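Engineer:
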Amino acid sequence: MKSSLRFKILGSFALIVLLALGAAVGTGAKLTRSRYDRFALQRDVDKAESLSPALGEWTAEAGTSETPPPLPPSVAPFFLPFQDSQMRMPQTGMMMGRRMPMEHMEPDRMVVTDLSGHVLLDTSGYGLNRIDGNNLERTSIRNENDVVGYLYIGRMIPDPHKPPDVFFLQTASLITWLVTGIIFIFAMLLGLILTRHILGPVIILNAATRKVESGDLTVRVPDSRSDELGDLSRGFNSMTEFLESADNQRRRLIADSAHELRTPVSLIRTRIEMMEEGIYPMDGEGLLALAAESDRLIHLVDELKMLADLESPEIGLSREDLNLDDLIREVIEASGPAIRRGKIDIEIAESNTSELPVVSGDRGKLQRLLSNLLSNALRYAKSRIIISIRLETGQADRVELNVEDDGPGIPEEDRMKVFERYYRVDASRNRSSGGSGLGLAISSEIAKAHGGRIEVGVSRVLSGAEFKVTLPFKTIEALK
């Protein structure tokens, strides 16, 4: 059976509060009772020690006569029957030539016994006839330095009943527990409110995840809280935004891929049909045109496959230490025919580091990255391209590779989009001018796979587009 998180939290809260209150009240009551018992006993012992000197002669005489003699006037008011003493007790008194403290003047239950424990005087109302002589809680009564009896006051009396202050403590303890119960109820109400406050965002998140599960990626949750639940809500919103963006990109990729693949396939099919109908002769020229469209189709499929491999978390790179300057020259040499056709002047600017930079990477993929950037620059440059290598500002272990052209440049609003699949800025950058629309997307993924990044901006020298690739590097000197 599924248990609600609300009841789990509320139950845990209730258990903790109950244990805390029980421990606090129980321990407090026990300590209070223990300390009060010691205080009350000591108070009664002090009273007994104050009264015993005046009872020496009387106790010696009462122990040897059948009829107890009258109490000395100085202590007689203290030995009234307990019920009467509470009505007739004097407020001040003198005993043995000194004033008694007010706490010693309070009426209390008293018992006087002889040495054998036989009760000589009892104002306690307990009806005691004898007290065990082994009772240690007693005060000796002396007559001329001889012990003639014992005096018991209040808690010193071995009482089968409970003294009134014990009943008071029990009543106070009962009231305390009742108040504790009321506090517990209020604590549970507060816990219910707090649980609702805590679980509110969780319930909303749970409902939102159900919507995401059903395919609704536009769902968002309130994220105004500044605590961990707010962070969770913001994380959920970021996740759904990413998923929505990824889903839109997936849909667009499928649509664009279908469109890009349909074009060469349609051209091939149309040319074959026209050959069948005799409009185009089935000669070498026609077959070359079919082969060109087939090659274009294969190239597009290969680029899609490469892009998928680069985006895979299991991408494998055949790393080796590569001289970046040599790599650039190899790519320029391979692009020689296109450079000569476009009559483009390519300049390799001097590096701002005296040591030749070396990168650890996959030769084929880095060549593909440089080739894509150079091809893009050749496609739109008017007459000049500059390639430079420099250390990244503020980063001594990263190198910048810049490819600049004097073409029309890329508008600022389109600079982040050029790395998306099949994205073209305008009609001047379409299929008719060459390119599949995947080259810059592949270049961006290659840079990421090597721990770098690629950005686009405006060339400060040529005023056209500037593509900046940042990669971690080592120096040749460091490899020796």
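Residue numbers (the working numbering): -9 to 470. The beta-carbon is built from N, C-alpha and C at its ideal position, and this holds for glycine as well. For clarity, every value in this text was computed on a predicted model and none was experimentally measured.
Taking the alpha-carbon of valine 192 as reference, which of Pro212, Leu180, Phe232, Ile329 has the nearest alpha-carbon?
Structural biologist: By one-based count along the sequence shown, residue 192 stands at place 202. Cα-wise, what sits closest to valine 192 is Pro212.
Engineer: Does DSSP classify glycine 181 as helix, strand or coil?
Structural biologist: In the sequence shown, residue 181 corresponds to position 191, counting from 1. Residue state, collapsed to three classes: helix.
Engineer: For valine 349, which three-state DSSP category applies?
Structural biologist: Mapped onto the sequence shown, residue 349 falls at position 359. In the structure shown, valine 349 sits in a strand (DSSP, three-state: E or B).
Engineer: Tell me whether the region 159 to 169 and the region 128 to 137 touch, counting them as touching only if at least three CB pairs, one residue from each stretch, are closer than 8 Å.
Structural biologist: no
Engineer: Return the first residue and the last residue of the alpha helix (DSSP H) that isoleucine 379 is part of.
Structural biologist: Position 389 of the sequence shown holds residue 379. From DSSP, isoleucine 379 is part of no alpha helix (DSSP H) but of the beta strand (DSSP E) over 374 to 381.
Engineer: Smallest Cα separation from arginine 374: which of Glu218, Leu381, Lys355, Asp395?
Structural biologist: Counting from 1 along the sequence shown, the entry for residue 374 is found at position 384. Arginine 374 has its Cα closest to that of Asp395, out of Glu218, Leu381, Lys355, Asp395.
Engineer: Which class does phenylalanine 463 belong to by DSSP, given the choice of helix, strand or coil?
Structural biologist: Locating residue 463 in the sequence shown gives position 473, where the first residue counts as 1. Coil.
Engineer: Here's the rule I'm using: 16 or more other beta-carbon atoms within 10 Å means buried, otherwise exposed. How should alanine 162 be labelled?
Structural biologist: As a first step, residue 162 must be located in the sequence shown, where it is residue number 172. It counts as exposed.
Engineer: Can you check DSSP and say which residues form a bridge with threonine 103?
Structural biologist: Your numbering for residue 103 matches position 113 in the sequence shown. Val109, Tyr140.
Engineer: Contact between the region 316 to 327 and the region 359 to 366: three or more CB pairs below 8 Å?
Structural biologist: Judged by Cβ distances under 8 Å, the region 316 to 327 makes contact with the region 359 to 366, as three or more pairs qualify.
Engineer: Whole angstroms is fine: what's the gap from aspartate 221's alpha carbon to arginine 215's?
Structural biologist: If you number the sequence shown from 1, residue 221 lands on position 231. If you number the sequence shown from 1, residue 215 lands on position 225. One C-alpha to the other measures close to 8 Å.
Engineer: Quickly, what does DSSP pair lysine 458 with across the bridge? List them, please.
Structural biologist: On the sequence shown, residue 458 is found 468 positions in, with the first residue counted as 1. Its beta-bridge partners are Asn392, Glu445.
Engineer: CA-CA distance, leucine 290 and leucine 251?
Structural biologist: Counting from 1 along the sequence shown, the entry for residue 290 is found at position 300. Counting from 1 along the sequence shown, the entry for residue 251 is found at position 261. Distance between the alpha carbons of leucine 290 and leucine 251 is about 8 Å.
Engineer: Tell me whether leucine 233 sits in a helix, a strand or coil according to DSSP, three-state version.
Structural biologist: For the purposes of this step, residue 233 is taken as residue 243 along the sequence shown, with counting starting at 1. Residue state, collapsed to three classes: helix.
Engineer: Quick one: measure Cβ to Cβ for glycine 351 and histidine 440, integer angstroms, because I've assumed they're closer than 8 Å.
Structural biologist: Residue numbering aside, residue 351 sits at position 361 when the sequence shown is read from its first letter. Residue numbering aside, residue 440 sits at position 450 when the sequence shown is read from its first letter. Indeed they touch by this definition, with Cβ atoms about 5 Å apart.
Engineer: I'd like to check one pair, isoleucine 183 with lysine 37: are the Cβ atoms closer than 7 Å?
Structural biologist: Position 47 of the sequence shown, counting from 1, holds the residue named residue 37. Position 193 of the sequence shown, counting from 1, holds the residue named residue 183. Not closer than 7 Å, so no.
Engineer: Check the DSSP bridge columns for threonine 166 and list the partner residues they point to.
Structural biologist: Residue 166 sits at position 176 when you count from the first residue of the sequence shown. None, per the DSSP bridge assignment.
Engineer: Do proline 62 and glutamate 51 have their beta-carbon atoms positioned less than 7 Å apart in this structure?
Structural biologist: To locate residue 51, count along the sequence shown from 1; it is residue 61. To locate residue 62, count along the sequence shown from 1; it is residue 72. Not in contact: glutamate 51 and proline 62 (Cβ atoms no closer than 7 Å).
Engineer: Quick check on the DSSP output: the alpha helix (DSSP H) that includes aspartate 452 runs from which residue to which?
Structural biologist: Within the sequence shown, residue 452 is the residue found at index 462, counting from 1. Correcting the residue identity first, residue 452 is leucine in this sequence and not aspartate. Where leucine 452 is concerned, there is no enclosing alpha helix (DSSP H), given that its DSSP letter is neither H nor E.
Engineer: Taking only runs that begin and end inside the region 9 to 57, name each unbroken alpha helix (DSSP H) of 4 or more residues, in chain order.
Structural biologist: Listed in chain order, the alpha helix (DSSP H) elements of length 4 or more contained wholly in the region 9 to 57 are 46 to 52.
Engineer: When DSSP builds the beta bridges, which residues end up paired with serine 130?
Structural biologist: Within the sequence shown, numbered from 1, the residue matching residue 130 stands at position 140. Partner(s): Tyr140.
Engineer: Cβ atoms of valine 448 and glycine 397: under 7 Å apart, would you say?
Structural biologist: Along the sequence shown, one-based indexing puts residue 397 at 407. Along the sequence shown, one-based indexing puts residue 448 at 458. No. Outside cutoff.
Engineer: If distances are taken between C-alpha atoms only, which option among Ala371, Glu382, Ala437 comes closest to leucine 452?
Structural biologist: As a position in the sequence shown, residue 452 is number 462, starting the count at 1. Closest option to leucine 452, Cα to Cα, is Ala371.
Engineer: Give the single residue among Glu402, Phe463, Ala339 whose Cα lies nearest to the Cα of glutamate 445.
Structural biologist: For this step, residue 445 is matched to residue 455 along the sequence shown. Nearest option by C-alpha distance: Glu402.
Engineer: Under the rule that 16 or more other beta-carbon atoms within 10 Å means buried, what is serine 434, buried or exposed?
Structural biologist: Along the sequence shown, read from residue 1 onward, the residue named residue 434 stands at position 444. With 16 or more other Cβ atoms within 10 Å, it is buried.
Engineer: Rounded to whole angstroms, what's the CA-CA distance from glycine 332 to asparagine 392? Just pull it up for me.
Structural biologist: As a position in the sequence shown, residue 332 is number 342, starting the count at 1. As a position in the sequence shown, residue 392 is number 402, starting the count at 1. Roughly 20 Å between the two C-alpha positions.
Engineer: Does aspartate 112 pass the burial test, meaning 16 or more other C-beta atoms within 10 Å, or should it be called exposed?
Structural biologist: The residue given as residue 112 occupies position 122 in the sequence shown. Under this definition aspartate 112 is a buried residue.
Engineer: Could you name the residues of the same chain whose beta carbon sits closer than 8 Å to that of arginine 261, not counting the 5 residues immediately before and after it, in chain order?
Structural biologist: Position 271 of the sequence shown, counting from 1, holds the residue named residue 261. Sequence-distant partners of arginine 261 (beyond 5 residues in either direction) whose C-beta falls short of 8 Å from its own C-beta, in its chain, are Tyr270, Gly276, Ala279, Leu280, Glu283.
Engineer: What residue does the beta strand (DSSP E) around glutamate 337 start on, and which one ends it?
Structural biologist: By one-based count along the sequence shown, residue 337 stands at place 347. From DSSP, the beta strand (DSSP E) with glutamate 337 extends over 335 to 338.
Engineer: Under a three-way DSSP split, which group does asparagine 313 fall into?
Structural biologist: As a position in the sequence shown, residue 313 is number 323, starting the count at 1. Strand.
Engineer: Given this structure, state the Cα-to-Cα distance separating glutamate 56 from leucine 164, to the nearest angstrom.
Structural biologist: Taking the first residue of the sequence shown as 1, we reach residue 56 at position 66. Taking the first residue of the sequence shown as 1, we reach residue 164 at position 174. Computed Cα separation, rounded: 48 Å.
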